[in-house]
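Encoded as structure tokens, the structure appears first; notes follow it.
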Amino acid sequence: MPILTAANLTKIYGSKRGIHHEALHQFHLSVDKGEFLGIMGPSGSGKTTLLNLLSTIDTPTSGAVTINQTTVTNLTKNKLATFRRKETGFIFQDYNLLETLTVGENIMLPLTLNKWKVKEMTKRLKLVTEQLGIEDITEKRIFEVSGGQLQRAAIARAIIHDPTIIYADEPTGNLDSKASRQVMESLQFLNQEKKTTTIMVTHDPFAASFCGRVIFIKDGRMFNEIHKGDNRQRFFQDILNVQSLLGGNMDDFHSIRFK
Amino acid sequence: MTFIQFALNNVKRNTRAYVSYFLSCMFAVTVFFMYAVVIFHPSIREYEFHNVVQSGIIASQVMIYGFSFIFVLYSTGTFVKSRKKEYGLLTTLGIKKSQLNRLLILENTMIGLAAILAGIAVGALLTKLFLMVFSAILGIGDILPFHLSLRAIGLTIILFFVMFELNTLAVVWTLRTNSIMEVFRGSTKSNRKPTFSWFISVFALAAVLYAYYLAYTADITTIGARMFPILAFIIPGTYFLFTQLSIATTSIFKKNKFFLYRNLNLLTISDLAFKLKENARILFIVTILSAVAFTSSGVLFNLFRSVEAETVRFVPQAVSLISNENANLEDFKKTIENVEAQFQDKFIPYESMLASTIPAEMESNSPNWDTTPIMIYSYSDYQKMMDLKDEEKLRHPKFSEAILLSQDLVNRFTAKVPDSLTIKVGQTNTDLAIHREASPLSSSISTNVQLIVSDKRYEQFIQAADASSVRYNYVMHIPNAFDYATETEDVLNRVNTEIAYADSQADFYLMMRQTMSYLFFFGIFISVLFFLAAGSILYFRMYQDIDKDLKHYYSLYRIGLTSKEMKKIAGKQLALLFFLPFSVAAIHAGFAFKALQNILVSNVLLPSIFVYLLYFAVHFINFIIIRNIYTTKLNKVM
């Protein structure tokens, strides 16, 4: 039974008079409960646009997104915000943690916004941080811990309120290979053990190989779709194959960053 | 795009950031210019007060100029430094340091020139109004005609241009663009956890409270000596209040997890701790500026309002004419008739009486009271004088007693009166038991101490005294005396000083009113300037932070913060940044007003509240506008 369906999603950027750019063209997608979906594609293919539309951060030019029987594309901005904080969890490439809060406070943030009781909050915090192996750093400040730990803290924040769907936008984009593996294993663990529905955008075939299904987008349209068998190594090869089919410019958004 | 166009575009497209700085500079120029117009006004020389006004205005000009200097230096400094990232980009593109300097100097010159020209234009528009206010406050009958002197314009342009240039040079000179990497990081430093020391927090609180205590208990004798200690305690106290105690307070809130984790508190409080830490110095500056503005305008306004009450306090009787030593009674009576006739001519209602008084001297072991000259009145004359004013009388002194009357203000300075004093009239000495009261009589040229004795004793003194030494005191009571002040002064000025010495409320009142008008007139615009500068600094600060805040709120938006909640948090934080310094400044000023109340007799409460309300209204409007700009900007990411 699909938990998320997208029908006829179209997104056109540009002002009324300016140049139009169709980032997404009549896109159809349905995600089942407990699925771990990867979205891949070259830069400019529209995968981040798709994730933003699915995650209600952006609104489509036409088409509808339905999550858990709610047509979110019909909701007002304020209702969307409250919907997001209850039904969805987010993981971003830049972690998106607030510098003014400690790691633990960051993780609890969705609960405080949802007006939970303090006792339950701390209980819940303990539970998720133990699952992700970051229970020692909850009192630490953001700049005191490593990128991998930060991303796991972000995952903890994304799942602490038991959301219907987790959206991850390049979760390993800022991490080295060891930290990437830890983060992806955490996501896989949550997906397998907790049956958390996860939708992830990535350009990293290694990260994508943890998914159950990967879709490929090109120029705003569906290009291909592959499912994982029993072997992750095989799946990784399949992904690389499709990528070479798509064209060799998968890595061109590796930009130099000042940190 | 030429280099100049580039600089111009930088300024034009940053208008929103510059607007409040620009307006404050403009206001300074406007005020400076209008004062200058008054100094250089051709008809001002015809007035007798021209010297006083001129020195007052020059003092104000120096203050405005000095303050503008510091304000512009600060604003330019922070603004230039907040754009370090941009300079980093330009440096990577290969701009030379000399070119960068030229760019900054060009930009600031443009802003400066625009502020000067706009300030003079606004000043020229308001000049007529200003001259009207000037004439009204200083009580000049006819309004000074509109006149824009080229000298005023020239002076303003030259002085302010020099100021802008000097400041820009100072800022550019201190700007270091060491490495591109460093510049790229700009002003974003990692957010260390705000720390504080309990010791300093407690010290700050104690210092402020002690200063409050000093101000609260100050009176006219001690205020002069306390002024400096109060400032020495309150200024560092306020500084540490913001840098330490404010962080301490938020950390107490943070300790209470049940409060902290409730709803939006977590976001509000922890953001606030950072904002307070980052802005502590700004808050301090804003507080001091506002406190100075409140206090000076409140004090000036109160003084202005209290002129009548203070006049009655220092000169209790509307008019008193005391016959001169060598004048005979006939001449004195003629003078009185003359005065009365003139009052009748001018339709000034009055009641009057004639009292006799004996000048004498006191002798005492206490050196403070030895050889003090006094005027002795009989109780029945005293009674009549009180009846004239319709005031309560003291009880009749016994034969062996006397009531010593001296001004309440003087009483605080002078030593205690001994229980008994020796009164020397003519050649005889008499010991009398003394008790002192505040004087309801005006002081005369020879003494400000009067003695009331029983009628019988007075008879005795008259006989002892040399007949020619007895003086006469013609006392008048004028209902609504202040309405006729000018006329009264006019009449009394014509009294022959060989025959009588005139002392009147009118004289004192006119002099006080003029002095206070000057003070008020010169002080009020400077206060307003301070206050506007404080608002401008806040706006500036908000603008500098807005990019960081945008990112912050976008992060929150993505995890589901509604724009209503954003407005709530942002509004609360902004309100605190606005009204915390305002409240602290208001409390500071409140204690200053209390000190003022200890000095004055008239009630300072209502005028002070009026001043507060006025400033609050301006501040509140300012807040609403800035909050709306801020939240609208934030809403764009929502």
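Residue numbers (my numbering), protein chains in the order written: chain V, 74 to 332; chain W, 26 to 663. Quick reminder that beta carbons are idealized off the backbone N, C-alpha and C, glycines included.
- Query: To which residues does DSSP link residue 44 of chain W through a beta bridge?
  - Reply: As a first step, residue 44 of chain W is located in the second sequence; it is residue number 19 there, counting from the start. DSSP output for residue 44 of chain W lists no bridge partner at all.
- Message: I need the boundaries of the beta strand (DSSP E) containing residue 74 of chain V, first residue and last residue.
- Response: The residue given as residue 74 of chain V occupies position 1 in the first sequence. Where residue 74 of chain V is concerned, there is no enclosing beta strand (DSSP E), given that its DSSP letter is neither H nor E.
- Task: Assess, as a yes-or-no matter, whether the segment 597-612 of chain W is touched by the segment 580-587 of chain W under the definition of 3 or more beta carbon pairs within less than 8 Å.
- Result: no
- Message: In whole angstroms, give me the CA-to-CA distance for residue 94 of chain V and residue 137 of chain V.
- Response: The residue you call residue 94 of chain V lines up with position 21 of the first sequence. The residue you call residue 137 of chain V lines up with position 64 of the first sequence. Straight-line Cα distance between these residues: approximately 20 Å.
- Task: Please look up how many angstroms separate the CB atoms of residue 428 of chain W and residue 442 of chain W, rounded, as I've assumed it's under 8 Å.
- Result: Counted from its first residue, the second sequence places residue 428 of chain W at position 403. Counted from its first residue, the second sequence places residue 442 of chain W at position 417. Not a contact, Cβ separation roughly 11 Å.
- Message: Below 8 Å on the Cβ atoms is my contact criterion, and I expect residue 286 of chain W with residue 257 of chain V to pass it. Report the Cβ-Cβ distance as a whole number of Å.
- Response: Start at 1 with the first residue of the second sequence, and residue 286 of chain W comes out as number 261. Start at 1 with the first residue of the first sequence, and residue 257 of chain V comes out as number 184. Their Cβ separation, rounded to whole angstroms, is 31 Å, which puts residue 286 of chain W and residue 257 of chain V out of contact at 8 Å.
- Item | Below-9 Å beta-carbon distance, residue 208 of chain V vs any chain W residue | By one-based count along the first sequence, residue 208 of chain V stands at place 135. Residue 208 of chain V does not count as touching chain W.
- Task: Taking residue 171 of chain V as the query, report the chain W residues whose CB atoms sit under 9 Å from its CB, ordered along the chain.
- Result: Here residue 171 of chain V corresponds to residue number 98 of the first sequence, with the count starting at 1. Here the neighbours are 292, 295, 296, 577, 580 and 581.
- Among all the DSSP beta bridges, which residues are the ones paired with residue 105 of chain V? Numbered from 1 along the first sequence, position 32 holds the residue referred to as residue 105 of chain V. Looking at the DSSP assignment, residue 105 of chain V forms a beta bridge with V:75.
- Is the distance from the Cβ of residue 236 of chain V to the Cβ of residue 159 of chain V below 9 Å? Indexing the first sequence from 1 puts residue 236 of chain V at position 163. Indexing the first sequence from 1 puts residue 159 of chain V at position 86. Yes, Cβ-Cβ distance for residue 236 of chain V and residue 159 of chain V is below 9 Å.
- Taking all protein chains shown into account, decide if residue 283 of chain W is buried (16 or more other Cβ within 10 angstroms of its Cβ) or exposed. If you number the second sequence from 1, residue 283 of chain W lands on position 258. The residue in question, residue 283 of chain W, is exposed, as its Cβ has fewer than 16 Cβ neighbours within 10 Å.
- Any chain W beta carbon closer than 9 Å to residue 183 of chain V: Your numbering for residue 183 of chain V matches position 110 in the first sequence. So yes, residue 183 of chain V belongs to the interface.
- Establish whether the CB of residue 211 of chain W and some CB of chain V are separated by less than 9 Å. Numbered from 1 along the second sequence, position 186 holds the residue referred to as residue 211 of chain W. Confidence in residue 211 of chain W is poor, its pLDDT being 44 and thus under 50, which makes the residue's placement unreliable; the coordinate value appears in the next sentence. Closer than 9 Å: no.
- Item | 9 Å Cβ cutoff, residue 286 of chain W in contact with chain V | Here residue 286 of chain W refers to the residue found at position 261 when the second sequence is read from its first residue. So yes, residue 286 of chain W belongs to the interface.
- Assign residue 278 of chain V to one of three DSSP states: helix, strand, or coil. As a working note, residue 278 of chain V is residue 205 in the first sequence. Residue 278 of chain V: helix per DSSP, three-state reduction.
- Query: Which partner residues does residue 214 of chain V have in the DSSP bridge list?
  - Reply: Along the first sequence, read from residue 1 onward, the residue named residue 214 of chain V stands at position 141. DSSP lists V:175 as partners of residue 214 of chain V.
- Query: How would you label residue 454 of chain W, buried or exposed, when you count the other beta carbons within 10 angstroms and need 16 or more for buried?
  - Reply: Along the second sequence, one-based indexing puts residue 454 of chain W at 429. Residue 454 of chain W comes out exposed.
- Message: Once DSSP output is grouped into helix, strand and coil, what is the label at residue 498 of chain W?
- Response: For this step, residue 498 of chain W is matched to residue 473 along the second sequence. Strand at residue 498 of chain W.
- Alpha carbon of residue 124 of chain W to alpha carbon of residue 649 of chain W, nearest angstrom: On the second sequence, residue 124 of chain W is found 99 positions in, with the first residue counted as 1. On the second sequence, residue 649 of chain W is found 624 positions in, with the first residue counted as 1. Distance between the alpha carbons of residue 124 of chain W and residue 649 of chain W is about 40 Å.
- Compare the C-alpha of residue 156 of chain V against each of V:128, V:100, V:266 and V:268 and name the closest. Reading the first sequence from its first residue, position 83 is the one you call residue 156 of chain V. Nearest option by C-alpha distance: V:128.
- Message: Ignoring anything shorter than 4 residues, give me the alpha helix (DSSP H) runs that lie fully in the segment 228-309 of chain V, in order along the chain.
- Response: 250-266 and 278-281
- Task: To the nearest angstrom, report how far apart residue 98 of chain W and residue 140 of chain V are at their CA atoms.
- Result: Locating residue 98 of chain W in the second sequence gives position 73, counting from the first residue. Locating residue 140 of chain V in the first sequence gives position 67, counting from the first residue. Each residue's alpha carbon lies about 56 Å from the other.
- Task: Could you tell me which chain V residues have their CB closer than 7 Å to the CB of residue 282 of chain W, listed as they occur along the chain?
- Result: The residue labelled residue 282 of chain W in the question sits at position 257 within the second sequence. What residue 282 of chain W touches in chain V: 191.
- Query: residue 567 of chain W: buried (16+ other C-beta within 10 angstroms of its C-beta) or exposed?
  - Reply: Walking along the second sequence from the start, residue 567 of chain W turns up at place 542. Its Cβ being crowded by 16 or more others within 10 Å, residue 567 of chain W is buried.
- Query: Between the segment 138-163 of chain V and chain W, which residues of the former have a C-beta closer than 7 Å to a C-beta of the latter?
  - Reply: 150, 151, 154, 155, 157, 158 and 163
- Between which two residues does the alpha helix (DSSP H) harbouring residue 322 of chain W extend? If you number the second sequence from 1, residue 322 of chain W lands on position 297. From DSSP, the alpha helix (DSSP H) with residue 322 of chain W extends over 290-339.
- Message: I'd like to know if residue 130 of chain V contacts chain W, where contact means its C-beta is closer than 9 Å to some C-beta of that chain.
- Response: By 1-based counting over the first sequence, the position of residue 130 of chain V is 57. Chain W contact via Cβ: present.
- Query: Can you tell me whether residue 325 of chain V is buried or exposed, with buried defined as 16 or more other CB within 10 angstroms of its CB?
  - Reply: Looking up residue 325 of chain V in the first sequence gives position 252. Any reading at residue 325 of chain V needs caution, since the residue's pLDDT is 46, under 50, leaving its predicted position unreliable; the model's value is listed next. Looking at its Cβ environment, which holds fewer than 16 other Cβ atoms inside 10 Å, residue 325 of chain V is exposed.
- Task: Can you give me the start and stop residues for the beta strand (DSSP E) that residue 398 of chain W sits inside?
- Result: As a first step, residue 398 of chain W is located in the second sequence; it is residue number 373 there, counting from the start. Per DSSP, residue 398 of chain W belongs to the beta strand (DSSP E) from 397-403.
- What's the C-alpha gap between residue 352 of chain W and residue 383 of chain W? As a first step, residue 352 of chain W must be located in the second sequence, where it is residue number 327. As a first step, residue 383 of chain W must be located in the second sequence, where it is residue number 358. Approximately 14 Å, taken between the alpha carbons.
- How many angstroms separate the CA atom of residue 627 of chain W from the CA atom of residue 634 of chain W? The residue labelled residue 627 of chain W in the question sits at position 602 within the second sequence. The residue labelled residue 634 of chain W in the question sits at position 609 within the second sequence. About 14 Å.
- Query: Going by beta carbon distance, what residues of the same chain come within less than 6 Å of residue 50 of chain W, once the five residues before and after it are set aside?
  - Reply: For the purposes of this step, residue 50 of chain W is taken as the residue at position 25 of the second sequence. 140.
- Return the residue from the list V:84, V:107 and V:197 that minimises the CA-CA distance to residue 262 of chain V. As a first step, residue 262 of chain V is located in the first sequence; it is residue number 189 there, counting from the start. The residue with the shortest Cα to Cα distance from residue 262 of chain V is V:107.
- Query: By the criterion of Cβ-Cβ separation under 7 Å, what are the contact partners of residue 299 of chain W in chain V?
  - Reply: The count along the second sequence starts at 1 and reaches residue 299 of chain W at position 274. Here the neighbours are 173.
- Are any of the Cβ atoms in chain W nearer than 9 Å to that of residue 186 of chain V? As a first step, residue 186 of chain V must be located in the first sequence, where it is residue number 113. Answer yes: the Cβ-Cβ gap between residue 186 of chain V and chain W drops below 9 Å somewhere.
- Please classify residue 133 of chain W: does DSSP put it in a helix, a strand, or coil? Along the second sequence, read from residue 1 onward, the residue named residue 133 of chain W stands at position 108. In this structure, residue 133 of chain W counts as helix in the three-state DSSP scheme.
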